[in-house]
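Engineer:
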Amino acid sequence: MGKQLSKQQQKAQVVPFLQDGQYYYNKGLKAYREQNFPKASKYLQKAVELNPKDLTMLSQLATIYTDMGKYSQSNELLSYILDEVDKEMTECHYFMANNFAHLGLFQEAYKCATEYANKEPYGEFIEENEDLIDLLTMEDDGEEPFLKDPDDLILKQDAAKSLLENSQFEEAILLLEEIVVEYPEFWSAHNNLSLAYFYVGEVDKAKEYLQTVLQRNPGNLHAYCNLLVFYFYERQDEKVEELTKILSTVHPLLYEHRYKLGATFALVGYYPLAYKWLRSLHKSGFEGDDTFYYWLSYSAYFTGHISFAEQMWERVLKENKSKAGSEPWNHKVDRASGRATSMTLEERLYAIFLAAQTNNYEQINDYKASNVPQSQLEKEFIKLSLSKDFNAYDKITSFYQIANSLFVHSEHDELFLFSFKILIKAYKRDYSLKNQLGWAAALDYVWKNQSNEQVSQATVANMYGVSVSSVGKYVKLIKNMTDI
237 MGKQLSKQQQ KAQVVPFLQD GQYYYNKGLK AYREQNFPKA SKYLQKAVEL
287 NPKDLTMLSQ LATIYTDMGK YSQSNELLSY ILDEVDKEMT ECHYFMANNF
337 AHLGLFQEAY KCATEYANKE PYGEFIEENE DLIDLLTMED DGEEPFLKDP
387 DDLILKQDAA KSLLENSQFE EAILLLEEIV VEYPEFWSAH NNLSLAYFYV
437 GEVDKAKEYL QTVLQRNPGN LHAYCNLLVF YFYERQDEKV EELTKILSTV
487 HPLLYEHRYK LGATFALVGY YPLAYKWLRS LHKSGFEGDD TFYYWLSYSA
537 YFTGHISFAE QMWERVLKEN KSKAGSEPWN HKVDRASGRA TSMTLEERLY
587 AIFLAAQTNN YEQINDYKAS NVPQSQLEKE FIKLSLSKDF NAYDKITSFY
637 QIANSLFVHS EHDELFLFSF KILIKAYKRD YSLKNQLGWA AALDYVWKNQ
687 SNEQVSQATV ANMYGVSVSS VGKYVKLIKN MTDI
């Protein structure tokens, strides 16, 4: 009896151990002293999640990021401290200047360093700050090169963002390619370049840039959100669910990250998670663009907040009147949008082409109104499918007429999806599409051979009324584009 009572007493004395922010901070500090930076950052991130306004924890995590070479992430935290926690913590300007210098963004480094000097002329780091300014303004042949030729990264990034927002993906790619060469550790440009390539159908290149970010800057939230979008468009449902579950545990501090997370959840249809982040931003006074209010309205509507969704849609139309007709309660448009977002570029073009064959202009207009970023190619293809004005001779007309020529001889979906994929590549590489029958015959021939259907080039040439040499010429081009 005594033993049993003793066990009961021991059991009753068990106190649950709640691990608070200080616990994780101490663990992180210990790992930092042991030079185990990945482990230290992991613990400090948890500490900051639990204590998002703790200056000591935030500063320590920013320091760890700098020591790990994650200069952009360090500066994001330092900016958060100045904007949201304590604008009087002026040493943040000095630390940001150092980070910008490491990134090669010397103009931004100079701005931060001079800001610190102006605010703290007798500050703790004033000597180091003066050394940094001297280094940044070091003369080269009597000139101050970076001051004479200011770093134009911000201007270029804004221009690239504008091009993306206007679906000018090809132009955005050219500018972003230039940025990533000049600033190889500016991950935002890598992420935007990855998205631009994805939206023009260059999936392999898109994933290549995305993997670069994830390998060299692990934990980059924008990259993981983009990866989730890729999985969604490719209909990899299990991976969408798996990555969504992981991202649902992330609690970002920065408004930019909260917006990205919420908009991404909305795009892939996880509306409760989307509403959580977008609504919290709205409550905090965040002023977004029409895209922000678009996804806030959608996530509100599909989580049962109908009245609020209607209010937010009014804001959408105030910012962008062209969105009229795309309301979340317009179920028909929503179905078209959902269908379009789960399709590849070649699938969408083929669906538009088929709708045009049956004069189903309503369906084409549904694709036009869907919330899917559209390249210039897709816009022009939709326009031609609606007008059927084939008098103007251009590449889009040739593209469409090649599909028409194939349609005369075959109705195999696989042939058209293969052909549209090749024609998209040919269009981007600026290949001439003038010989429409030659291209159609070559596409038919290559697809049949890939499908193990034995047919000669002469047979296909005769079917389309072109020469064998013409078929052979375009077969070589197609094989070059498919690495056959």
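Using the numbering used here, the first residue of the sequence shown is number 237, and each one after it goes up by one. For each residue, glycine too, the CB sits at the ideal point set by N, CA and C.
Is it true that the CB of Phe331 sits closer than 8 Å to the CB of Ala298?
Structural biologist: Residue 298 sits at position 62 when you count from the first residue of the sequence shown. Residue 331 sits at position 95 when you count from the first residue of the sequence shown. It is a contact, given that the beta carbons lie within the stated cut-off.
Engineer: Less than 8 Å between the C-beta atoms of Gln693 and Gly708, yes or no?
Structural biologist: Looking up residue 693 in the sequence shown gives position 457. Looking up residue 708 in the sequence shown gives position 472. Their beta carbons are under 8 Å apart, which means Gln693 touches Gly708 by this criterion.
Engineer: Looking at the structure shown, is Ala560 part of a helix, part of a strand, or coil, going by DSSP?
Structural biologist: Taking the first residue of the sequence shown as position 1, residue 560 is located at position 324. Ala560 falls in the coil class under three-state DSSP.
Engineer: Rounding to the nearest angstrom, what Cα-Cα distance links Phe538 and Leu450 in this structure?
Structural biologist: Numbered from 1 along the sequence shown, position 302 holds the residue referred to as residue 538. Numbered from 1 along the sequence shown, position 214 holds the residue referred to as residue 450. Between Phe538 and Leu450, the C-alpha separation is close to 32 Å.
Engineer: Measuring CB to CB, does Lys670 end up less than 8 Å from Ser706?
Structural biologist: Taking the sequence shown and counting its residues from 1, one reaches residue 670 at position 434. Taking the sequence shown and counting its residues from 1, one reaches residue 706 at position 470. For Lys670 and Ser706, no; Cβs fall outside 8 Å.
Engineer: Might you give, ordered along the chain, the residues of its own chain that have their beta carbon closer than 7 Å to the beta carbon of Phe434, omitting 5 neighbours on each side?
Structural biologist: Within the sequence shown, residue 434 is the residue found at index 198, counting from 1. Excluding positions up to five away in sequence, the list reads Ala442, Phe466.
Engineer: Is it true that the stretch 311-326 meets the stretch 285-295, where meeting means three or more beta-carbon pairs spaced less than 8 Å apart?
Structural biologist: yes
Engineer: Under a CB-based cut-off of 8 Å, is Leu313 close to chain D?
Structural biologist: Although the question refers to chain D, the structure presented lacks it and comprises just one protein chain.
Engineer: For the stretch 609-622 against the stretch 475-482, do three or more pairs of beta-carbon atoms, one drawn from each stretch, fall closer than 8 Å, so that the two count as touching?
Structural biologist: no
Engineer: Give the straight-line distance between the Cα atoms of His426 and Gly561, rounded to the nearest whole angstrom.
Structural biologist: For the purposes of this step, residue 426 is identified with residue 190 of the sequence shown, where counting begins at 1. For the purposes of this step, residue 561 is identified with residue 325 of the sequence shown, where counting begins at 1. C-alpha separation (whole angstroms): 34 Å.
Engineer: Restricting to Cα atoms, I'd like to know which of Ser558, Lys715, Asn428, Leu286 is closest to Glu414.
Structural biologist: By one-based count along the sequence shown, residue 414 stands at place 178. Nearest C-alpha to Glu414: Asn428.
Engineer: Below 8 Å, can you find three or more Cβ-Cβ pairs linking the stretch 521-529 to the stretch 500-512?
Structural biologist: no
Engineer: Measuring only from the beta carbon, is Gly455 closer than 7 Å to any heavy atom that is part of the ligand PLP?
Structural biologist: Questions concerning the ligand PLP fall outside what the structure shown contains, since it holds no ligand whatsoever.
Engineer: Rounded to whole angstroms, what's the CA-CA distance from Asn685 to Thr718? Just pull it up for me.
Structural biologist: Taking the sequence shown and counting its residues from 1, the one referred to as residue 685 is at position 449. Taking the sequence shown and counting its residues from 1, the one referred to as residue 718 is at position 482. Rounded to whole angstroms, Asn685 to Thr718 spans 13 Å at the Cα level.
Engineer: What's the gap between the Cα of Gln309 and the Cα of His329?
Structural biologist: Locating residue 309 in the sequence shown gives position 73, counting from the first residue. Locating residue 329 in the sequence shown gives position 93, counting from the first residue. A straight-line Cα-Cα distance of about 15 Å links Gln309 and His329.
Engineer: Within this structure, are the beta carbons of Ser611 and Glu444 separated by less than 8 Å?
Structural biologist: Here residue 611 refers to the residue found at position 375 of the sequence shown. Here residue 444 refers to the residue found at position 208 of the sequence shown. In this structure, Ser611 lies away from Glu444, with their beta-carbon atoms at least 8 Å apart.
Engineer: Starting from Met325, trace the alpha helix (DSSP H) in both directions and tell me its first and last residue.
Structural biologist: Position 89 of the sequence shown, counting from 1, holds the residue named residue 325. Taken as a continuous stretch (DSSP letters only), Met325 belongs to no alpha helix (DSSP H), as it is neither H nor E.
Engineer: When the Cα atoms are used, what is the spatial distance from Tyr700 to Val691?
Structural biologist: Stepping through the sequence shown from its first residue, residue 700 is reached at position 464. Stepping through the sequence shown from its first residue, residue 691 is reached at position 455. Distance between the alpha carbons of Tyr700 and Val691: 14 Å.
Engineer: If you count every other CB in all the chains shown that lies within 10 Å of the CB of Arg494, and 16 or more means buried, which is it?
Structural biologist: Counted from its first residue, the sequence shown places residue 494 at position 258. It counts as buried.
Engineer: Buried or exposed: where does Thr594 fall if 16 or more other Cβ atoms within 10 Å of its Cβ makes it buried?
Structural biologist: Residue 594 sits at position 358 when you count from the first residue of the sequence shown. With fewer than 16 Cβ atoms within 10 Å of its Cβ, Thr594 is classed as exposed.
Engineer: Between which two residues does the alpha helix (DSSP H) containing Met304 stretch?
Structural biologist: Position 68 of the sequence shown holds residue 304. Boundaries for Met304: no alpha helix (DSSP H) harbours it, and the DSSP string shows neither H nor E there.
Engineer: Here's the rule: buried if 16 or more other CB atoms are within 10 angstroms of the residue's CB, otherwise exposed. What is Ile658?
Structural biologist: For the purposes of this step, residue 658 is taken as the residue at position 422 of the sequence shown. Classification for Ile658: buried.
Engineer: Between Thr326 and Gly359, which are expected to be in contact by the criterion C-beta below 8 Å, what is the C-beta distance as a whole number of angstroms?
Structural biologist: Residue 326 sits at position 90 when you count from the first residue of the sequence shown. Residue 359 sits at position 123 when you count from the first residue of the sequence shown. With 8 Å as the limit, Thr326 and Gly359 qualify as a contact, their Cβ atoms being about 7 Å apart.
Engineer: If you run the structure through DSSP and keep just helix, strand and coil, what is Thr373?
Structural biologist: Looking up residue 373 in the sequence shown gives position 137. Looking at Thr373 - three-state DSSP - the assignment turns out to be coil, as it is neither helix nor strand.
Engineer: Taking C-beta to C-beta, are Leu651 and Leu642 nearer than 8 Å?
Structural biologist: By 1-based counting over the sequence shown, the position of residue 651 is 415. By 1-based counting over the sequence shown, the position of residue 642 is 406. Contact flag set, yes.
Engineer: Based on Cα-Cα distance, which residue from Pro488, Tyr636, Lys712 lies nearest to Ala678?
Structural biologist: Residue numbering aside, residue 678 sits at position 442 when the sequence shown is read from its first letter. It is Lys712 whose Cα lies nearest to the Cα of Ala678.
Engineer: Return yes when the Cβ of Tyr534 is within less than 8 Å of the Cβ of Pro564, no when it is not.
Structural biologist: Working through the sequence shown from its first residue, we reach residue 564 at position 328. Working through the sequence shown from its first residue, we reach residue 534 at position 298. Yes. Within cutoff.
Engineer: Helix or strand or just coil, what does DSSP make of His426?
Structural biologist: If you number the sequence shown from 1, residue 426 lands on position 190. His426 falls in the helix class under three-state DSSP.
Engineer: For the alpha helix (DSSP H) containing Trp513, list its first residue and its last residue.
Structural biologist: By one-based count along the sequence shown, residue 513 stands at place 277. Where Trp513 is concerned, the enclosing alpha helix (DSSP H) stretches over 507-519.
Engineer: Spatial neighbours of Trp683 within its chain, please: CB distance less than 6 Å, with the 5 preceding and 5 following residues excluded, ordered by chain position.
Structural biologist: Residue numbering aside, residue 683 sits at position 447 when the sequence shown is read from its first letter. Here the set comprises Leu651, Phe654.
Engineer: Nearest to Ala605 by alpha carbon, out of Glu582, Ile638, Lys559?
Structural biologist: Your numbering for residue 605 matches position 369 in the sequence shown. The shortest Cα separation from Ala605 among Glu582, Ile638, Lys559 belongs to Lys559.
Engineer: Is Val704 helix, strand or coil when you go by DSSP?
Structural biologist: Your numbering for residue 704 matches position 468 in the sequence shown. If DSSP states are grouped into helix, strand and coil, Val704 belongs with the helices.
Engineer: According to the Cβ coordinates, are Ala353 and Asn334 closer than 8 Å?
Structural biologist: To locate residue 353, count along the sequence shown from 1; it is residue 117. To locate residue 334, count along the sequence shown from 1; it is residue 98. Against a cut-off of 8 Å, the Cβ pair of Asn334 and Ala353 comes out as no contact.
Engineer: Output the residue ranges of the alpha helix (DSSP H) runs that lie fully inside the stretch 617-694 and measure 4 residues or longer, sorted by chain position.
Structural biologist: 631-645, 649-664, 672-686
Engineer: Taking the alpha carbon of Lys519 as the point to measure from, which residue in Glu546, Val504, Tyr491 has its own alpha carbon closest?
Structural biologist: Sequence index remark: in the sequence shown, residue 519 carries index 283 (1-based). When only C-alpha atoms are compared, the closest one is Tyr491.
Engineer: By a C-beta neighbour count over all protein chains shown, 10 Å radius and 16 as the cutoff for buried, is Lys355 buried or exposed?
Structural biologist: Along the sequence shown, one-based indexing puts residue 355 at 119. With fewer than 16 Cβ atoms within 10 Å of its Cβ, Lys355 is classed as exposed.
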